[in-house]
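S.K.:
In UniProt numbering, the protein residues as written are 1 to 689.
(1) To the nearest angstrom, how far is it from the Cα of residue 343 to the Cα of residue 429?
(2) Between the Cα of residue 138 and the Cα atoms of 399, 525 and 88, which residue gives the shortest distance?
(3) What do you get for residue 398, buried or exposed, if any count of 16 or more other CB atoms within 10 angstroms of its CB means buried?
(4) If you compare alpha carbons, which of 99, 96, 120 and 84 is closest to residue 140?
(5) What is the residue span of the alpha helix (DSSP H) that residue 2 lies within?
(6) Measuring CA to CA, which of 676, 488, 534 and 372 is closest to residue 662?
(7) Which class does residue 343 belong to by DSSP, given the choice of helix, strand or coil?
(8) Please report the residue range of the beta strand (DSSP E) in which residue 390 lies.
(9) By Cβ distance, which residues of its chain are closer than 6 Å to residue 224, with the 5 residues on each side in sequence left out?
(10) Give me the Cβ distance between residue 641 and residue 631, rounded to the nearest whole Å; I'm assuming they're in contact under 8 Å.
(11) Does residue 118 come out as helix, strand or coil in the three-state DSSP assignment?
(12) On a Cα-Cα basis, can you pick out the residue from 660, 591 and 534 that is closest to residue 546?
(13) For residue 566, collect the residues of the same chain with a Cβ closer than 8 Å to its Cβ; drop the 5 residues on either side in sequence, then sort them by chain order.
(14) Applying the criterion that 16 or more other CB atoms from any shown protein chain within 10 Å of the CB defines a buried residue, is residue 479 buried or exposed?
(15) Are the segment 363 to 377 and the segment 331 to 347 in contact at 8 Å, needing three or more beta carbon pairs?
(16) What would DSSP say about residue 674, mapped onto helix, strand or coil?
(17) According to DSSP, is residue 434 helix, strand or coil?
(18) Would you list the residues sitting across from residue 307 in a DSSP beta bridge?
(19) Name the DSSP bridge partner or partners of residue 279?
(20) Could you tell me the alpha carbon to alpha carbon distance between residue 536 and residue 562, rounded to whole angstroms?
(21) Please report how far the alpha carbon of residue 339 lies from the alpha carbon of residue 644, in whole angstroms.
(22) Just to confirm my understanding: we take residue 236, look at its own chain, exclude 5 residues before and 5 after, and list those with CB closer than 7 Å. What are they?
(23) Nearest CA to the CA of residue 47: which residue from 4, 97, 77 and 33?
(24) Report yes or no: do the segment 34 to 42 and the segment 68 to 87 share at least 3 C-beta pairs separated by less than 8 Å?
(25) Report the start-end ranges of each beta strand (DSSP E) in the segment 482 to 554 that is 3 residues or longer and not cut off at the edges.
(26) Am I right that residue 311 and residue 270 are in contact with their C-beta atoms under 8 Å? What's the rounded C-beta distance?
(27) With 16 as the cutoff for other CB atoms within 10 Å, does residue 470 come out buried or exposed?
(28) For the alpha helix (DSSP H) containing residue 660, name the first residue and the last one.
(29) Whose CA, out of 259, 317 and 622, lies closest to the CA of residue 614?
(30) From what residue to what residue does the alpha helix (DSSP H) around residue 603 run?
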């Protein structure tokens, strides 16, 4: 519901300014009505506009109150700022303007052609009638341009700025209104030169502000080359400039380079893989064509299967014509040097080049790999694939199926598909077969999925087994970007369907004869993963002592980013590369608090670490412990997680909607005494989004 109230507030903001502007214009014309009849009619019309405006203001107050039920933080800054300006002005209209208008509307007198009396004229131009309406019109500008306003978590700023603006503008309007009273009652108008000077002055001020805003924004481009080690660091209690040395900084004498963090010495690999990136046109099941960048000529890329304890060697070969690549192993807590983030842990692999990744896999479960070089484009075009790490003692089902969902840009428009199946993919499977579906959401957006036709259990999230999973039937699975959900079921005599509720035409259907269909029911309830399963012990919890605590507030705001105009995606009011680096020391227990005040989901992913979800919207997790690497934070949500800093390095920490990453929602978790020699941009053309 938070998103609904947020959208309502946004619509009301857009409507309020033109309504107040019409009312202010009408108020200014009252004194120029040629007779009493038209004066009364204009007064009644203005009353109607004001009543409409006041109802809209009440609507904004209601929407803000509903959003604020989750906490002050959700309406602080811009919403509070615009309301603190709007509400006093609206109250002034109720107390001062409306009584005068009612008197005018009811004033006795003649009809058409009857001159306006001096008393009516005095009432029509009185500052008590005109100033509050004009003040409200000015105040509504804050709401109309709310998305352009900066975010600031300082309460003094929120309280004082709109009230100070109201006082200044109100004083100016009052002085102007008093001068107009004398002129009108004297039967004169302000000299034409003075009127035009005011108009031209106002236009000049507006143009100067707009020009300054645009030229400043266009100049605000990222440097052609910069290091992640520049800027500010946050030590869990405020920001400080990098000192590039010792315990406080991330570099300097005695520091360790990310290139040295390769893990323990490894012998000969147990598994070898090669991933070749190249361009290829690929057709989906419907015939829609994707202008793809593919690993080994297929989208998604080949499934990489390995066993817990294996030493794995993966060679990435770049055969793209012009674009460098780098590959990240999503959800694998690899040594930092093998993390595959261009500009942070390596230089991107140039066209014609290759890079060898080598690491031991000590984990189990469903993972995936994808490009982390210009990922907003490269992942969308197909540079990704599934990974499965089997336990040393196999316990897999008779049918173990990996399914990767993606939103493809095709010659027929945007298409959602399970792999390349953008139509219902039917498969034959005998009754009684034990099935494990490994669902990977490689798309930027959250998808609602469902397993229909048989009872099922959610046995793992982000590759980590759940404790005590219970049987479910006909329930919705909310799967955020980059998240993985493993479900198990026993094949019945009838069909079983994996469905995307947002795209009923696609899906995967199992049946004994490979035929049939299964209708998708309406109104499926979502599984609450925060209470699903049964509790068990964890090494730490919500009541543990945390060495570092970080709060991250996510917002969207219109403005310039990297020289272009966009909906900036901010963390604590800042966008990459200006978000302070979060500093930890090896062994620290770290609490992270994610707060989403934006209008879209933010799937937050921390490289190199799994975290334990501590609470969701103020309630501790009551089901199975949730050890995740990506958690979707929905609008209005507060999610707290904890992690142990046990994998030294400089780690990307970002929203996994790569469109948001590209627009600034990126920060880094860095260990004190670790530095990176790589740079963004530069000769390698590194772009780590």
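A virtual CB, placed ideally from N, CA and C, is assigned to each residue, including glycine.
M.R.: Straight from the coordinates:
(1) 46 Å
(2) 88
(3) exposed
(4) 84
(5) 2 to 29
(6) 372
(7) coil
(8) 384 to 390
(9) 681
(10) 6 Å
(11) helix
(12) 591
(13) 558, 559, 560 and 663
(14) buried
(15) yes
(16) strand
(17) strand
(18) 390
(19) 293
(20) 47 Å
(21) 18 Å
(22) 548, 549 and 550
(23) 97
(24) no
(25) 484 to 490, 496 to 500 and 507 to 511
(26) 5 Å
(27) exposed
(28) 658 to 662
(29) 622
(30) Taken as a continuous stretch (DSSP letters only), residue 603 belongs to no alpha helix (DSSP H), being part of the beta strand (DSSP E) at 602 to 606.
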